[in-house]
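Okay, so here's the structure we're looking at.
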């Protein structure tokens, strides 16, 4: 990307500017790109605002993201634990640097431990998670909300407004207060907030060159760990008032994740721990581990009481004709995102379509019209006129074959009675099925990126092939809005109905970073996804919308 000074949006607090400055230095050292800080005032910085009942989640996050989307800054830095679990359309999580200390600390006026605080001592925290655990560990203490930056909270303790407060160790370390007298909570006593101690760097989804540069400060181990922790939030649909803690760590060749859900009103809490082999783990498996933990927490009596069932999401990326798939998934309780990654357009080819039209009209016995896509029917018919097309395909000498049920239904809607379908919905199986009938001529309206499997099989067998391009398939020019959700694991299922769809997605995101289950129809698409390196792929037994839903809702589907 061109050498220029990047604009880094930040709040004006000491911690925010310190963290932003630290990341700016890392980026300059790693990439050579300099940054200047641009100060953004947020709702949370307003002394008169009610921090405990914000109008929007992520009170310190929203203004920064608004400035980013408005083009006022190039990238922003957050304390990762403060980010809402749902991604913001148009914004990408570009990098997660190495994590700081994840633990919580107690700071008291008289340098006491939690057990040494006197009965009735006032502990300041506005965190439901911290408050719930203190109620469990020391039910005799009084808990009151506290607000302000780190230095403000420390001063309130020293001035006697509170006997103690609880802070994240990472924040103190970053602003140079790591030597202050403090007492560390163990994970057994108090699990941290998911991703506590980690930072998140965001930029606009369309800034692909900048994303590539920011990725250079990404820390793979931290990314793996916090992906698991944040998945717990997503799995229980946690809000800012949910008392949830989670911590993952890589030890002894295992990635172990522990999470705890607590009741805000009682001493009731549930804790679950699971692990997987770290040597073979990736982001997709890390996400799945977090979702499994969340599922187990949701199945507890406490989870049933305070949790919110998670709405699973599916992404449909075809250019058109998503309606039937959308209806099927919605009826099964999925949230459906339709975001085309492909653009389908008519290819003006008057000489070519006239050649195929004449072949249809003059067809002798043994002539086959082969349909590999509903688009080949539509754009062929559009260019010669629907009446001319219907008249041509009424030639009694013609036989018809289609690669799938949808393509067959499209040609049948124009009056065709019988259509040959292969056992598998792919070009190889279709060519084999056609050649068994010893054709003399094959007419094939195609796209500009049609795979040559069927064409080569026909020609190699000595059969005359008449094929012309009638439409083009291209990747959309702009970055789809759903890319952020796909990268951050907010999409559960990605449906790919063609190899071109798989390639289109891979044009905007590295397949290894797709955390969703990729659901494909047909062997050709399956082979393409495997070749590209998508980590989690499943294939439906049939291509119908109901088959898609049945596959992903199967009890055996992980």
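Numbering (my numbering), first residue to last: 1225 to 1782. Glycine included, every Cβ here is placed at the ideal spot set by N, Cα and C. Please read these numbers as outputs of a predicted model, since none were measured by experiment.
Distance, residue j Cα to residue i Cα
i	j	result
residue 1391	residue 1242	17 Å
residue 1274	residue 1298	Residue confidence for residue 1274 is low, a pLDDT of 48 falling below 50, so the modelled location carries little weight and cannot support an answer.
residue 1665	residue 1571	24 Å
residue 1480	residue 1301	27 Å
residue 1563	residue 1619	40 Å
residue 1507	residue 1249	27 Å
residue 1558	residue 1710	16 Å
residue 1246	residue 1373	18 Å
residue 1251	residue 1683	56 Å
residue 1609	residue 1679	26 Å
residue 1292	residue 1233	8 Å
residue 1281	residue 1569	The predicted position of residue 1281 is uncertain, since its pLDDT is 45 and thus under 50; no value can be drawn from it.
residue 1722	residue 1675	11 Å
residue 1500	residue 1573	55 Å
residue 1326	residue 1553	39 Å
residue 1309	residue 1397	25 Å
residue 1362	residue 1352	15 Å
residue 1465	residue 1502	32 Å
residue 1229	residue 1295	14 Å
residue 1578	residue 1611	14 Å
residue 1276	residue 1490	With a pLDDT of 42 at residue 1276, under the threshold of 50, the modelled position of this residue cannot be trusted, and the question is left open.
residue 1227	residue 1707	26 Å
residue 1469	residue 1433	35 Å
residue 1550	residue 1638	25 Å
residue 1654	residue 1264	60 Å
residue 1472	residue 1447	11 Å
Within 7 Å, strictly: CB atoms of residue i and residue j
i	j	result
residue 1317	residue 1424	yes
residue 1540	residue 1719	yes
residue 1699	residue 1747	no
residue 1467	residue 1356	yes
residue 1652	residue 1767	no
residue 1616	residue 1644	no
residue 1329	residue 1406	yes
residue 1347	residue 1331	no
residue 1305	residue 1412	no
residue 1752	residue 1726	yes
residue 1694	residue 1758	no
residue 1386	residue 1380	yes
residue 1417	residue 1456	no
residue 1548	residue 1769	yes
residue 1461	residue 1371	no
residue 1591	residue 1510	no
residue 1733	residue 1537	no
residue 1696	residue 1724	no
residue 1287	residue 1266	yes
For residue i: DSSP bridge partner residues
i	result
residue 1763	1744
residue 1693	1670
residue 1259	1230
residue 1624	1593
residue 1285	Answer is none; residue 1285 lacks a bridge partner.
residue 1331	1389
residue 1501	1478
residue 1408	1329
CA nearest to the CA of residue i, picked from the options
i	options	result
residue 1368	1344, 1677 and 1374	1344
residue 1543	1677, 1668, 1346 and 1701	1701
residue 1737	1439, 1696, 1678 and 1673	1439
residue 1667	1673, 1740, 1593 and 1612	1593
residue 1428	1308, 1578 and 1289	1289
residue 1376	1310, 1436 and 1238	1238
residue 1763	1770, 1756 and 1749	1749
residue 1431	1741, 1716, 1704 and 1723	1704
residue 1523	1459, 1408, 1765 and 1697	1459
residue 1365	1227, 1337 and 1536	1337
residue 1528	1565, 1486, 1555 and 1509	1486
residue 1323	1284, 1339, 1445 and 1294	1445
residue 1587	1567, 1623 and 1612	1623
residue 1761	1769, 1771, 1739 and 1779	1739
residue 1441	1321, 1416 and 1697	1321
residue 1236	1262, 1253 and 1255	1262
residue 1437	1352, 1463, 1471 and 1255	1255
residue 1453	1648, 1512, 1772 and 1395	1512
residue 1259	1266, 1244 and 1606	1244
residue 1717	1777, 1477 and 1661	1777
residue 1335	1475, 1614, 1648 and 1408	1408
residue 1690	1696, 1663 and 1697	1663
Residue-level contact to chain C via CB, residue i, 7 Å cutoff
i	result
residue 1309	No chain C appears in the structure shown, which is made up of a single protein chain.
Take every Cβ of the stretch 1514 to 1521, pair it with every Cβ of the stretch 1486 to 1506, and state whether three or more of those distances are shorter than 8 Å.
-> yes
Hey, is the stretch 1671 to 1682 in contact with the stretch 1588 to 1606, meaning 3+ C-beta pairs nearer than 8 Å?
-> yes
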